[in-house]
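Inspection log for the structure reproduced underneath, given as structure tokens.
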Amino acid sequence: MSTTSTDTAGASADGGFDAHAIQDKWQQRWAESDPFRAGGENDTRPRKYVLAMFPYPSGDLHMGHAENYLYSDIVARFWRHRGYNVLHPIGWDSFGLPAENAAIKRGANPVTWTYDNIAQQKESLKAYGVSFDWSRVLHTSDPEYYRWNQWLFQKLYERGLAYRKESPVNWCTHDQTVLANEQVIDGHCERCGAVVVKKKLTQWYFRITDYADRLLDDLNQLEGFWPHKVIQMQRNWIGRSIGADIDFEIEGRAEKVTVFSTRPDTLHGATFMVVAPDSDLAAELAAGAGPEARERFQTYLSQVQQTTDVERQNADRPKTGVFLDRYAINPINGERLPIWAADYVLADYGHGAVMAVPAHDQRDLDFARAFDLPVKIVVDTTAPITGAVPVIELDADGNPIDPFEGADTLDDIDPVRTGVALSGDGRLINSGSLNGLSKRNAIARAIEELTAAGTGRAAKTYRLRDWLISRQRFWGTPIPMLHGEDGRIVPVPDDQLPVRLPDPEGLNLLPQGTSPLGGATEWVQASDPETGEPMRRDPDTMDTFVDSSWYYLRFLSPGDPDAAFSGREASKWAPVDFYIGGVEHAILHLLYARFIVKALYDMGYVDFTEPFSSLINQGMVILDGAKMSKSKGNLVLFQDELDAHGADALRVGLAFAGPVEDDKDWKDVSTTGATKFLARALRIAGEVSSPTDAVWAEGDVALRRVTHRLWADAPSLIEQTKFNVVVARLMELVNATRKTIDSGAGAADPAVREAAEATAMILDLFAPHTAEEMWSQLGYEPSVGLASWRQPDGTLLVEDTITAVVQIDGKVRATLEVSAKIGGEELERLAREDVRVQRALGEREIVRAIVRPPKVVSFSTR
Numbered sequence: 001m002s003t004t005s006t007d008t009a010g011a012s013a014d015g016g017f018d019a020h021a022i023q024d025k026w027q028q029r030w031a032e033s034d035p036f037r038a039g040g041e042n043d044t045r046p047r048k049y050v051l052a053m054f055p056y057p058s059g060d061l062h063m064g065h066a067e068n069y070l071y072s073d074i075v076a077r078f079w080r081h082r083g084y085n086v087l088h089p090i091g092w093d094s095f096g097l098p099a100e101n102a103a104i105k106r107g108a109n110p111v112t113w114t115y116d117n118i119a120q121q122k123e124s125l126k127a128y129g130v131s132f133d134w135s136r137v138l139h140t141s142d143p144e145y146y147r148w149n150q151w152l153f154q155k156l157y158e159r160g161l162a163y164r165k166e167s168p169v170n171w172c173t174h175d176q177t178v179l180a181n182e183q184v185i186d187g188h189c190e191r192c193g194a195v196v197v198k199k200k201l202t203q204w205y206f207r208i209t210d211y212a213d214r215l216l217d218d219l220n221q222l223e224g225f226w227p228h229k230v231i232q233m234q235r236n237w238i239g240r241s242i243g244a245d246i247d248f249e250i251e252g253r254a255e256k257v258t259v260f261s262t263r264p265d266t267l268h269g270a271t272f273m274v275v276a277p278d279s280d281l282a283a284e285l286a287a288g289a290g291p292e293a294r295e296r297f298q299t300y301l302s303q304v305q306q307t308t309d310v311e312r313q314n315a316d317r318p319k320t321g322v323f324l325d326r327y328a329i330n331p332i333n334g335e336r337l338p339i340w341a342a343d344y345v346l347a348d349y350g351h352g353a354v355m356a357v358p359a360h361d362q363r364d365l366d367f368a369r370a371f372d373l374p375v376k377i378v379v380d381t382t383a384p385i386t387g388a389v390p391v392i393e394l395d396a397d398g399n400p401i402d403p404f405e406g407a408d409t410l411d412d413i414d415p416v417r418t419g420v421a422l423s424g425d426g427r428l429i430n431s432g433s434l435n436g437l438s439k440r441n442a443i444a445r446a447i448e449e450l451t452a453a454g455t456g457r458a459a460k461t462y463r464l465r466d467w468l469i470s471r472q473r474f475w476g477t478p479i480p481m482l483h484g485e486d487g488r489i490v491p492v493p494d495d496q497l498p499v500r501l502p503d504p505e506g507l508n509l510l511p512q513g514t515s516p517l518g519g520a521t522e523w524v525q526a527s528d529p530e531t532g533e534p535m536r537r538d539p540d541t542m543d544t545f546v547d548s549s550w551y552y553l554r555f556l557s558p559g560d561p562d563a564a565f566s567g568r569e570a571s572k573w574a575p576v577d578f579y580i581g582g583v584e585h586a587i588l589h590l591l592y593a594r595f596i597v598k599a600l601y602d603m604g605y606v607d608f609t610e611p612f613s614s615l616i617n618q619g620m621v622i623l624d625g626a627k628m629s630k631s632k633g634n635l636v637l638f639q640d641e642l643d644a645h646g647a648d649a650l651r652v653g654l655a656f657a658g659p660v661e662d663d664k665d666w667k668d669v670s671t672t673g674a675t676k677f678l679a680r681a682l683r684i685a686g687e688v689s690s691p692t693d694a695v696w697a698e699g700d701v702a703l704r705r706v707t708h709r710l711w712a713d714a715p716s717l718i719e720q721t722k723f724n725v726v727v728a729r730l731m732e733l734v735n736a737t738r739k740t741i742d743s744g745a746g747a748a749d750p751a752v753r754e755a756a757e758a759t760a761m762i763l764d765l766f767a768p769h770t771a772e773e774m775w776s777q778l779g780y781e782p783s784v785g786l787a788s789w790r791q792p793d794g795t796l797l798v799e800d801t802i803t804a805v806v807q808i809d810g811k812v813r814a815t816l817e818v819s820a821k822i823g824g825e826e827l828e829r830l831a832r833e834d835v836r837v838q839r840a841l842g843e844r845e846i847v848r849a850i851v852r853p854p855k856v857v858s859f860s861t862r
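Under the working numbering, the residue at position 238 of the sequence shown is numbered 238, and the numbers go up by one with no gaps.
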């Protein structure tokens with residue numbers, strides 16, 4: 001069979017590369033043939049579920065989206081080539097503050113604004129050539145979607161995992177709504193940047209702390225599949241601490257106060273107690289004190305309420321507090337401990353009170369020194385604790401040297417004098433029955449004694465707090481609960497779901513401290529489903545992280561009117577095999593999604609306990625070393641780049657710019673160089689004159705070796721997300737092919753056809769429009785995206801020379817043809833001397849070289 005295509009969409013009038021003509025042609029073909037729809041019931045291929053974090057429709061797409069969806073598309077296209085039935089869906093996280101605030105700023109209806117933006121973003125994604133399954137699109141602001149948010153809420157409510165309570169909450173002073181702890185960054189709202197303060201409100205929570213141990217322990221099964229730093233961030237946020245709950249009697253109070261401590265062994269060293277000033281306990285203790293103490297407390301509390309939690313936890317901040325004129329009794333020795341209110345203790349940590357052991361805790365010591373409180377040492381940190389026989393060394397005269405000679409004594413390191421707490425290990429002193437024990441043994445003994453005396457017990461506490469989901473804004477899922485005048489709260493019956501949002505026209509949507517839904521007079525009126533008595537709808541909406549905590553399941557059956565998702569489809573497709581998105585969601589979104597999956601597992605709706613098997617985090621696209629933002633005026637607009645260069649050049653430029661996980665500076669993204677490369681590749685396809693059934697084995701051996709090395713290496717490189725290296729290797733193959741054509745063998749050489757076909761198939765991952773055009777010019781029917789991956793010929797992989805890749809700071813800067821047996825020193829020398837490397841280095845200095853002969857040289861610079 002000979003080549004049959006006469007289509008010249010890729011050629012402009014001047015014989016150049018017409019990216020937009022190619023793009024328009026193949027997008028029309030894809031729209032007609034729908035080649036990327038996931039196979040259905042009768043598709044027997046193995047499955048892969050590839051998912052990119054879905055976008056907010058608060059405006060048009062930006063370069064971060066361009067990077068994110070490029071990477072998910074590379075992965076999806078790769079696994080299709082490998083013979084898998086791939087699910088690669090897209091939707092919009094269309095509720096929430098970004099869209100609502102943008103609409104309010106423009107005086108627009110948030111419904112109209114949101115769906116207009118979705119339409120715009122959808123067109124941009126199609127123009128970008130991402131191989132989404134467009135039959136599964138969802139929007140979280142559709143009633144057909146948020147009806148299942150409400151179903152999920154009620155399932156959690158039935159199991160006691162959704163509840164309502166009054167407590168101090170994070171309050172955004174600009175957006176006039178509460179925030180979860182995870183949405184407060186350095187004391188500011190992560191959405192708008194406004195200062196966050198504490199405010200006492202009654203709100204709805206999800207009891208995520210019931211799953212704290214599982215959320216922590218199950219991270220072990222994600223090691224090696226998620227980035228280590230993300231796993232560590234999750235571990236730190238959950239923050240499990242193991243110790244003891246200790247019960248202290250309070251003079252004049254019938255009920256004891258429980259304090260959690262990781263160091264119950266230091267109980268003999270407690271010299272005072274500290275309670276959080278904004279806790280109910282502090283208010284109660286102050287109320288029972290004298291009038292002067294009450295007045296001091298109220299004045300201090302007013303000051304504390306103007307301070308963020310982040311400021312309060314700053315270790316360098318001067319310690320403040322007030323004495324409450326109350327005393328606790330140390331359960332282990334009966335000593336009276338003065339009780340202070342101090343802002344370095346938070347109301348939601350442990351039980352809102354701590355026993356202060358200033359000799360061995362720096363914050364307690366700073367407070368004790370500020371207010372002249374006693375300090376009692378109970379751990380001798382100068383004492384050896386291992387029990388091992390020390391190694392005896394001899395001096396110049398052959399006499400044994402005392403291994404402890406010159407060591408510090410307790411007098412030398414007295415915390416009162418030095419201002420430094422003794423936080424290290426040692427042996428217990430001044431501690432009765434614990435004297436002489438090491439820390440580990442003393443903790444165990446102290447817990448045994450507390451338990452026996454009925455004054456304490458082993459316990460765990462967590463940094464993690466329950467998930468606050470109430471929001472005082474309009475654009476979100478209405479909470480499906482009804483409130484009676486008598487305080488009763490009942491769920492909206494399932495057959496009355498969804499509780500739809502009212503028409504926003506006529507409602508005051510400006511942030512006002514209460515939900516705008518409360519002002520929807522007709523909407524808020526409801527009746528008791530059993531008695532018919534008047535009730536009121538809950539006026540708050542749900543945190544949009546509820547929407548994104550399970551959306552990956554809805555993609556499995558997005559149009560199902562009878563269930564949130566199909567359990568049968570979930571067993572087939574889930575969990576997600578590859579999840580791609582920014583590291584900024586390492587805590588908030590991922591933690592909530594993990595919690596919801598575990599809850600659904602316990603309810604019997606899914607048969608897995610982690611939602612995302614593998615996680616890929618990409619870096620940011622920045623400009624001149626700074627994050628892009630409208631306020632800085634350094635935005636690079638996605639649509640502008642598409643219009644200027646076309647999708648394929650943008651995709652190749654981003655893929656080649658550096659490792660996936662690194663930030664990419666836009667000035668280093670060469671769309672011009674990418675365009676030249678794509679033009680060279682397409683020109684080669686157009687020149688091939690051998691038939692499609694040519695015998696490749698009769699072609700140029702050197703070129704065939706380059707082709708088959710790429711077939712052999714590309715799978716592992718792609719699975720390791722080394723996309724930039726694959727692009728570099730494709731450029732090498734195109735150069736080698738051109739060299740073969742120009743050397744005299746000509747375009748009729750079967751090896752040239754083989755190389756061109758390989759280029760088209762692998763290029764499909766990065767530049768699908770150009771790849772389709774190449775495939776067509778080579779005489780094949782579309783779509784190249786469905787062509788089977790070819791296996792390398794092992795006999796062509798054994799050779800005397802090999803191509804080494806030279807990287808500088810993670811970016812490929814040169815390739816070298818070297819002996820397959822070259823040594824590391826020789827390979828490094830050749831790399832340093834290469835003109836391309838020297839040009840790329842400029843004035844920078846090489847500070848580290850990693851050489852893995854014969855294939856890789858990697859330089860790090862400064």
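For every residue, glycine included, the Cβ atom is placed at its ideal position computed from N, Cα and C. Since the structure is predicted, the reported quantities are computational estimates derived from the model, not experimental observations.
Looking at the DSSP output, F595 bridges to nothing. Annotation for E144: no residue places its beta carbon closer than 6 Å to its own, counting only its chain and skipping 5 residues before and after. Assignment of beta-bridge partners to H62 by DSSP yields L637.
The alpha-carbon separation between N314 and E845 amounts to approximately 38 Å. Across the structure, P338 and H351 are spaced so that their CA atoms are roughly 18 Å apart. DSSP, read as helix, strand or coil, puts W171 in strand. Inter-segment contact for the region 601–608 and the region 638–658 is absent: fewer than three beta-carbon pairs are separated by less than 8 Å. Selection G506, R294, A287, M63 evaluated against G107 yields G506 as nearest (Cα-Cα). Here F78 has I718, L765 as same chain residues with Cβ atoms under 7 Å from its own Cβ, once five neighbours each way along the sequence are excluded. Ranked by how close their Cα comes to the Cα of A526, the residues L482, A674, W573 have L482 in first place. Runs of the beta strand (DSSP E) lying entirely within the region 274–362, each at least 3 residues long, are 321–329, 336–342, 353–356 in chain order. In this model, H360 and A421 are separated by some 5 Å (Cα to Cα).
Where Q807 is concerned, the enclosing beta strand (DSSP E) starts and stops at 801–808.
In the displayed model, L615 falls within a strand according to three-state DSSP. DSSP places V726 inside the alpha helix (DSSP H), whose first and last residues are 723–740. The beta-carbon distance between G456 and I447, rounded to whole angstroms, is 7 Å. This is short enough to meet the 8 Å contact definition. With fewer than 16 neighbouring CB atoms inside 10 Å of its own CB, V416 falls in the exposed class.
When secondary structure is reduced to three states using DSSP, H585 falls in the helix class.
Setting aside the 5 residues that flank it on each side, W696 is surrounded in the same chain by P750, E754, each with a C-beta closer than 6 Å to its C-beta; the list follows chain order. Counting other Cβ atoms within 10 Å of its Cβ, K598 reaches 16 or more and is therefore classed as buried.
In this model, G519 and G476 are separated by some 16 Å (Cα to Cα). A840 carries a helical assignment under DSSP once its states are collapsed to helix, strand and coil.
Membership of E249 in the beta strand (DSSP E) is indicated by the continuous run 241–250. Annotated as proximal: S94 and P57, with beta-carbon spacing under 9 Å. Counting only residues of its own chain and dropping the five nearest sequence neighbours on each side, E292 has no CB closer than 7 Å to any other CB. At a cut-off of 4 residues, the continuous stretches assigned as alpha helix (DSSP H) that sit fully inside the region 508–584 are 521–524, 544–548, 551–554, 567–573.
The beta carbons of P480 and V492 sit about 4 Å from each other, so the pair counts as a contact at 8 Å.
Between P498 and T541 a beta carbon distance of about 13 Å is seen, past the 8 Å cut, so the two are scored as non-contacting.
A19 is not a Cβ neighbour of H589, given a cutoff of 9 Å. In this model, I622 and V274 are separated by some 46 Å (Cα to Cα). For the 9 Å CB-CB criterion, F272 and P374 form a contact. Residue pairing of M481 in beta bridges, as defined by DSSP: P491. Within a 10 Å sphere around the beta-carbon of T672 sit fewer than 16 other beta-carbons, which makes this residue exposed. According to the DSSP secondary-structure assignment, G91 is paired through a beta bridge with L138. The secondary-structure analysis by DSSP pairs T202 across a beta bridge with E166.
In this structure, P277 and A341 form a Cβ contact; the two beta carbons are roughly 4 Å apart against a cut-off of 8 Å.
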